[in-house]
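See below for the structure under consideration.
Numbering (my numbering), first residue to last: 1459 to 2258.
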């Protein structure tokens, strides 16, 4: 039951909408539903969503909550009564899209979008109401309990809701499509009296085009939208608007707009007379939209064109002077045609190899990309007739790059060796072929953690390519710079990362095919490099500029923008702006789940960052609950033995250790993290054995702690030889020996300079890195490794 009620605020009386569960046989279920709605609304604050005001419980235990009272009329009725034209209706609809997209970013699905749930107040502002069957995205994959209970509105329900399948953000896209269809044409896509027939049509039959609904409707519908008759309205809806509405109403959720932001972007393109995404590849359509946007310019250009034609005869004499240039152009064209033929033969081979798969003979929709690449590699190995060495080398390089992207090292190495053998058979391999070989050599070295070799290979490739502005293959240049940055980053060479990122942007910006979005990834590495060389403020400024550029350029619906938000959230966390960090991480996580779903490999990493933010804010239970969710997701997405899965266990253990002081639970999770480590993750192996040693030490399990400290020390010293990490584990080993009363052994491990520089690294902001500082302080006191009072020298240990 929803009542109009008043709320006393001092001398002011406020009208509110009061929602209460009625007494009924199924009251328990309704109570839970109302509490869920109350929880969802309390977390939403948007100008086009009715505000949550207050909540409580009646004496008999039934919950209630009060919402902002919206004195308005349903959206469609408002538009009809005000006789709004199509542009004004779309503008109002875009406000609704903003509200729904905001809810999605807060990880909330509405699932019942219809005109009666959107009221327009006296100021003409739409407000989204009734989150009664809303659901958090975290629960969206669960079985839909609304099926068979008529909670959703049948005429605007998506096919997956009717079938009881999982609901996602595209379920709300479908509901918005029904609303948009009604706003434009005056009719819902499915509006029949018989529910059984309606159910069948919603699930099985495609929706009628909005223009066809308008053409079959009443004349008053057209006049209320500013058109002379229904035929004129139907004509206005044909084309872009029909395409947009039809895409929102497709049966398969994967075929709809991926997000509400994408739907809104296409509608804004319609208002701005720009091409919509669904038709952006149609050349004449794009030209027509350009001319419509720039009518005056087009007329002037036409006049100028006539003038140019009239004076063409004057240029005939100049053609003789250009004969030499023409000959050079012909030679360049022949070279380009040769490259084109070569590329075509590569394409023909790959397509033929894909067709060779038994499963590819019929429908290929369920054929995995890895199977196609495997089949192409087998075909190249077995069928080499008619392929010259240059073509075989190119094919092998292409497959090596694909296996590199799939992280399949043995297959990538095999194809790289094959390419090298074929190049050796050529008398004079082309520079392009050699540059690509340096690229795949670098990629293989990076896969095998031979970062110095990878960096050297990219240096040779970039030197051979020469001037970046003139090199023929811009894509290869980008990949050379990227693998160079990856290798320097993996080698912990932050100064080199900064230098390389800036050099890459200087060189690539001179190319004619330069696109700003290709720099997004490079700028993110630049920001990380600045952080690595101790310039967090410059890092934050760079990442904030990048976020602003991506928003201005309309690049917010991409994985690159989500990564930018993640780094920005980390910057806020580092500067202890925890609320800003939380908001930024939550927006990033919301966009990630909305665009790619929870099953995407990047989702657990984002949620892990959010868990760390909760931890720093003191929301320890939230942090731990989210950490366990990250573990579950990582095992499902990456597998039980994988680099990130092991880290998910490690960071969950950190929450128990740092936040709750539960050493036993932290020990259990750390052991699981070690068991999940792949063999090549030696750096993380040292990290986790060190943490396990510390946890065992805290529980007085000194003998086993000594063993794990030794394992960590041997691994770290083999990897790095020196550095803060090596210093810390040496301090840990000495401290454990000291706790075991092995004083001589402990004293042999440390020196005065080691203890002194460790003690000077104290940083209160890094609360879980203080163990080595504390241990160094105790050891210094015991062995009398202390500076003189003036700080100039180190006093040697007392003889014992």
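Ideal Cβ positions, reconstructed from N, Cα and C, are used throughout, including at glycine.
Take residue 2125 and list the residues in its own chain whose beta-carbon comes closer than 8 Å to its own, dropping the five residues that flank it on each side.
-> Position 667 of the chain shown holds residue 2125. Excluding positions up to five away in sequence, the list reads 2111, 2150, 2153, 2154 and 2157.
So what does DSSP say about residue 1517, is it helix, strand or coil?
-> Along the chain shown, one-based indexing puts residue 1517 at 59. Coil, per DSSP.
For residue 2161, which option in 2241, 2187 and 2198 has the closest C-alpha, if you only look at C-alpha atoms?
-> Locating residue 2161 in the chain shown gives position 703, counting from the first residue. When each option's Cα is compared against that of residue 2161, the closest is 2198.
Between which two residues does the alpha helix (DSSP H) containing residue 1477 stretch?
-> One-based indexing of the chain shown puts residue 1477 at position 19. That residue, residue 1477, is in no alpha helix (DSSP H); its beta strand (DSSP E) goes 1470-1478.
Between which two residues does the beta strand (DSSP E) carrying residue 2107 extend?
-> Start at 1 with the first residue of the chain shown, and residue 2107 comes out as number 649. Taken as a continuous stretch (DSSP letters only), residue 2107 belongs to no beta strand (DSSP E), being part of the alpha helix (DSSP H) at 2101-2112.
Given a threshold of 16 other Cβ atoms within 10 Å of its Cβ, counted over all protein chains shown, does residue 1853 qualify as buried or as exposed?
-> The residue labelled residue 1853 in the question sits at position 395 within the chain shown. Residue 1853 comes out buried.
Tell me, please, whether the stretch 1671-1689 touches the stretch 1698-1705 by the rule of three or more beta-carbon pairs shorter than 8 Å.
-> no
So what does DSSP say about residue 1431, is it helix, strand or coil?
-> This structure does not reach residue 1431, given that the chain is present from 1459 up to 2258, and the question cannot be answered.
Boundaries of the beta strand (DSSP E) in which residue 1584 is found, first to last residue = Counting from 1 along the chain shown, the entry for residue 1584 is found at position 126. Here the beta strand (DSSP E) through residue 1584 covers 1584-1586.
Between the CA atoms of residue 2073 and residue 2318 - distance to the nearest angstrom | Outside the shown range of the chain, which is 1459 to 2258, sits residue 2318, and nothing can be said about it.
In terms of alpha-carbon separation, which member of 1932, 1887 and 1990 lies closest to residue 1946?
-> Along the chain shown, one-based indexing puts residue 1946 at 488. When each option's Cα is compared against that of residue 1946, the closest is 1990.
Given a cut-off of 8 Å, decide if residue 1941 and residue 1987 are closer than it, judged by their beta-carbon atoms.
-> In the chain shown, counting from the first residue as 1, residue 1987 sits at position 529. In the chain shown, counting from the first residue as 1, residue 1941 sits at position 483. Their beta carbons are not under 8 Å apart, which means residue 1987 does not touch residue 1941 by this criterion.
Alpha carbon to alpha carbon, what distance is there between residue 2058 and residue 1965?
-> Counting from 1 along the chain shown, the entry for residue 1965 is found at position 507. Counting from 1 along the chain shown, the entry for residue 2058 is found at position 600. Roughly 33 Å separates the two Cα atoms.
Output yes or no for whether 8 Å exceeds the beta carbon distance between residue 1544 and residue 1476.
-> In the chain shown, residue 1544 corresponds to position 86, counting from 1. In the chain shown, residue 1476 corresponds to position 18, counting from 1. Against a cut-off of 8 Å, the Cβ pair of residue 1476 and residue 1544 comes out as no contact.
Quick one: what's got a C-beta closer than 6 Å to residue 1883's C-beta in the same chain, skipping five residues either side?
-> Start at 1 with the first residue of the chain shown, and residue 1883 comes out as number 425. For residue 1883, where only same-chain residues beyond five positions count, the Cβ hits under 6 Å are 1847.
Backbone secondary structure at residue 1937 - three-state DSSP | Counting from one through the chain shown, the residue named residue 1937 turns up at place 479. If DSSP states are grouped into helix, strand and coil, residue 1937 belongs with the helices.
How about residue 2051 and residue 1565: do their beta carbons lie closer than 8 Å?
-> On the chain shown, position 593 is the one that residue 2051 refers to. On the chain shown, position 107 is the one that residue 1565 refers to. Cβ atoms of residue 2051 and residue 1565: closer than 8 Å.
Stretch-stretch touch, CB-based, cutoff 8 Å, three pairs: the stretch 1554-1562 with the stretch 1500-1509 = yes
Would the stretch 2026-2035 and the stretch 1995-2015 be scored as touching if the rule is three or more Cβ pairs under 8 Å?
-> yes
Span of the alpha helix (DSSP H) around residue 2082 = The residue labelled residue 2082 in the question sits at position 624 within the chain shown. 2078-2095 is the span of the alpha helix (DSSP H), which, as asked, contains residue 2082.
Nearest residue (CA-CA) to residue 1973, options 2006, 1961, 1948 and 2013 | For the purposes of this step, residue 1973 is taken as residue 515 along the chain shown, with counting starting at 1. Selected option, being the one with the closest Cα: 2013.
Under the rule that 16 or more other beta-carbon atoms within 10 Å means buried, what is residue 1461, buried or exposed?
-> Residue 1461 sits at position 3 when you count from the first residue of the chain shown. Classification of residue 1461: exposed, given that the 10 Å Cβ count is below 16.
Counting along the chain, where does the alpha helix (DSSP H) carrying residue 1646 start and finish?
-> Along the chain shown, one-based indexing puts residue 1646 at 188. Where residue 1646 is concerned, there is no enclosing alpha helix (DSSP H), given that its DSSP letter is neither H nor E.
Residue burial classification, residue 1646 (beta-carbon count within 10 angstroms, cutoff 16) = For this step, residue 1646 is matched to residue 188 along the chain shown. Classification for residue 1646: buried.
At which residues does the alpha helix (DSSP H) containing residue 1955 begin and terminate?
-> If you number the chain shown from 1, residue 1955 lands on position 497. It spans 1952-1966 - the alpha helix (DSSP H) in which residue 1955 sits, taken as one unbroken run.
So residue 1577 is in the beta strand (DSSP E); what residue range does that whole segment cover?
-> Taking the chain shown and counting its residues from 1, one reaches residue 1577 at position 119. Looking at the DSSP string, the run of the beta strand (DSSP E) that includes residue 1577 is 1576-1578.
Rounded C-alpha distance that separates residue 1620 from residue 1657 | For the purposes of this step, residue 1620 is identified with residue 162 of the chain shown, where counting begins at 1. For the purposes of this step, residue 1657 is identified with residue 199 of the chain shown, where counting begins at 1. The alpha-carbon atoms of residue 1620 and residue 1657 are separated by roughly 7 Å.
Anyone know if the C-beta pair for residue 1695 and residue 1728 falls short of 8 Å?
-> As a working mapping, residue 1695 is identified with position 237 in the chain shown. As a working mapping, residue 1728 is identified with position 270 in the chain shown. No, these two residues do not count as a Cβ contact at 8 Å.
Looking at C-alpha atoms only, which residue of 2045, 2095, 2036 and 1996 is the closest neighbour of residue 2017?
-> As a first step, residue 2017 must be located in the chain shown, where it is residue number 559. Residue 2045 is the option with its Cα nearest to residue 2017.
What's the C-alpha gap between residue 2056 and residue 2086?
-> On the chain shown, residue 2056 is found 598 positions in, with the first residue counted as 1. On the chain shown, residue 2086 is found 628 positions in, with the first residue counted as 1. Answer to the nearest angstrom: the Cα atoms are 14 Å apart.
Using beta-carbon positions only, say whether residue 1584 and residue 1709 come within less than 8 Å of one another.
-> If you number the chain shown from 1, residue 1584 lands on position 126. If you number the chain shown from 1, residue 1709 lands on position 251. Result no, Cβ atoms of residue 1584 and residue 1709 do not sit closer than 8 Å.
Beta carbon of residue 1520 nearer than 8 Å to that of residue 1474 = Sequence index remark: in the chain shown, residue 1520 carries index 62 (1-based). Sequence index remark: in the chain shown, residue 1474 carries index 16 (1-based). In this structure, residue 1474 does not lie closer than 8 Å to residue 1520 by Cβ.
Rounded to whole angstroms, what's the CA-CA distance from residue 2261 to residue 2130? Just pull it up for me.
-> A query on residue 2261 cannot be resolved here, the shown segment of the chain reaching from 1459 to 2258 and no further.
Just the Cα atoms here: how many angstroms apart are residue 2231 and residue 2109?
-> For the purposes of this step, residue 2231 is taken as the residue at position 773 of the chain shown. For the purposes of this step, residue 2109 is taken as the residue at position 651 of the chain shown. Approximately 21 Å, taken between the alpha carbons.
From what residue to what residue does the alpha helix (DSSP H) around residue 2019 run?
-> Translated into the one-based positions of the chain shown, residue 2019 becomes position 561. Start and end: 2017-2032.
Per DSSP, residue 1531 forms a beta bridge with which residues?
-> Taking the chain shown and counting its residues from 1, the one referred to as residue 1531 is at position 73. In DSSP, residue 1531 forms a bridge with 1578.
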